Structures are given as C-alpha cells and as structure tokens.
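To start, the structure under review is shown below, and the notes come after it.
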Amino acid sequence: MQVLARRYDSGQPIRLTIDAGQIAAVEPLAESPGSLPWIAPALFDLQINGCDGISFNSATLTADQVRHVLSVCRLHGIAGLCPTLVTNDFPSLKHGFATLRRACEEDRQIDAGMPCFHLEGPYISPEDGPRGAHPRQHVRPPSRDEFLRLQDAAGGRIRLLTLAPEHDNALDFIAWATAQGVVVAIGHTAASGQRIRDAVAAGARLS
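Numbering (this note's numbering), first residue to last: 1 to 207.
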C-alpha cells in the first residue's frame, strides 16, 4: 500500500510505502499532486482518564472498556497512553489498576498501547483551587504502604505519579518513589517555590 502525504516536520511531499503493516520506504516527491494530508508519528499521551463515557476511575471498570478506550484513542492518532487514575478511595483505585493490569495481560495490543500507568493523586493539595476537581474527602498524605499495594495490584506498571510536595513526608516519599523507578511529577499543589525546588532536588522530574 502507498500513501501520498506531507511530512509534519518539513512539509515535504512524500510517498510512503507500507508492507505487512510496517513502513517499507519513504520517498520524497518532486512535486505535490495537489492538496495532501499531513503525516506524523503516532502520539503518546501521558494522561488519559478514559473517554467515550468510560472512566478508568469507575468502580465497575472492565477489561472490555479498557480495550474500547484504546481503540478510540488510536482513531485519533494516539498509539500509546498512560491510563490515569485520579484521587479516590483505596478500593476503587485498587480495582482500577487491577483491571488495567488484567486487560494488559489478556491482550498484547493493550499491553503495547498502555506500557505504563499514571496515578494522579491522592497525595495532592487539599486546598480549593490547587486541588481542582479531585474529591477533597479522598485527598491524603503520601503513604508507602498504600502505594506498594496499588503497585502490586497494577503488576508494577505504575511508572508516573503526580503529587503535591507540601505534605510533611512528601520529600522523603519522592526520593523513595524515584528509587523504585517511578517518575514523580509535581501537580495540584500550593507549595512554595522553595518547597518545589526541594522536591526537584529529591527527584521530582515533571510538572
């Protein structure tokens, strides 16, 4: 199969040859045969909470729903994503991560499309404003024990964690989580500038 398109990075018209589901050749075209679509590598989204009426935070999330979310994302050029669970009670978070894990274990396409999971909260600011739409009743300080239990439910796939560094034990937690191979992001925070600098020094890498 051949596709005529323009490269996203240069605007160069090209002929793309696809063989057995893989790119076999990319050839520049001397002239553009009229209006061409743009072509770019597939996207990777670090934070998707669900779509099409499905929430990864749902207490009734199923593997089929996970599969549907991935298929919808791929229709929009997103080949990979970090399914993201947000601030909630422990049983709901555990169910969500366990369901995501099961979906990955049962379907190689899902496993390839969701190579890691994202926990956004519940270790965030309880203040109105920074907290955003996260339910205040479920906001709490970082807990190694809780995180390890969630990581166990997820099969070790939680690789991104968003938290607020103003909690008393947050800096130690950031250093510990980083040592576990988790990328820590600063978010939903009311921390001072100095506290944020301290969080970066402890290992936080994203914001």
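Ideal Cβ placement from N, Cα and C applies to all residues, glycine included.
These numbers come from a predicted model, not from an experiment.
{"Check": "Give the list of continuous alpha helix (DSSP H) stretches no shorter than 4 residues that lie fully inside the region 71-130.", "Outcome": "90-106 and 108-113"}
{"Check": "What does a CB cutoff of less than 7 Å around Pro142 pick up in its chain, not counting 5 residues either side in sequence?", "Outcome": "Tyr123, Leu163, His167, Asn169, Ala170 and Phe173"}
{"Check": "Going by DSSP, what residue range makes up the alpha helix (DSSP H) through Thr178?", "Outcome": "Ala170 to Ala179"}
{"Check": "Going straight from the alpha carbon of Cys51 to that of Gln65, what length do you get?", "Outcome": "10 Å"}
{"Check": "By the 10 Å Cβ neighbour count, where 16 or more other Cβ atoms means buried, how is Ala153 classified, buried or exposed?", "Outcome": "buried"}
{"Check": "For the candidate residues Ala42, His95, Pro83 and Ser55, whose alpha-carbon lies nearest to that of Gly77?", "Outcome": "Ala42"}
{"Check": "Take every Cβ of the region 57-64, pair it with every Cβ of the region 25-39, and state whether three or more of those distances are shorter than 8 Å.", "Outcome": "no"}
{"Check": "Specify, as a first and last residue, the run of the beta strand (DSSP E) that Asp198 falls within.", "Outcome": "Taken as a continuous stretch (DSSP letters only), Asp198 belongs to no beta strand (DSSP E), being part of the alpha helix (DSSP H) at Gly193 to Ala202."}
{"Check": "Among Ala202, Gln2, Ile14 and Glu120, which residue has its Cα nearest to the Cα of Leu21?", "Outcome": "Inspection of the sequence shows that residue 21 is occupied by Gly rather than by Leu. For the residues Ala202, Gln2, Ile14 and Glu120, the minimum Cα distance to Gly21 belongs to Gln2."}
{"Check": "Along the chain, where does the beta strand (DSSP E) containing Ala153 start, and where does it finish?", "Outcome": "Looking at the DSSP string, Ala153 is not in any beta strand (DSSP E); the run it does join, the alpha helix (DSSP H), is Arg144 to Ala153."}
{"Check": "Going by alpha carbons, who is nearest to Thr189 out of Ile158, His118 and Pro130?", "Outcome": "Pro130"}
{"Check": "Once you ignore the five residues that flank Ala5 on each side, which residues in its own chain have a CB closer than 8 Å to its CB?", "Outcome": "Pro13, Ile14, Leu16, Leu36, Pro37, Trp38 and Ile39"}
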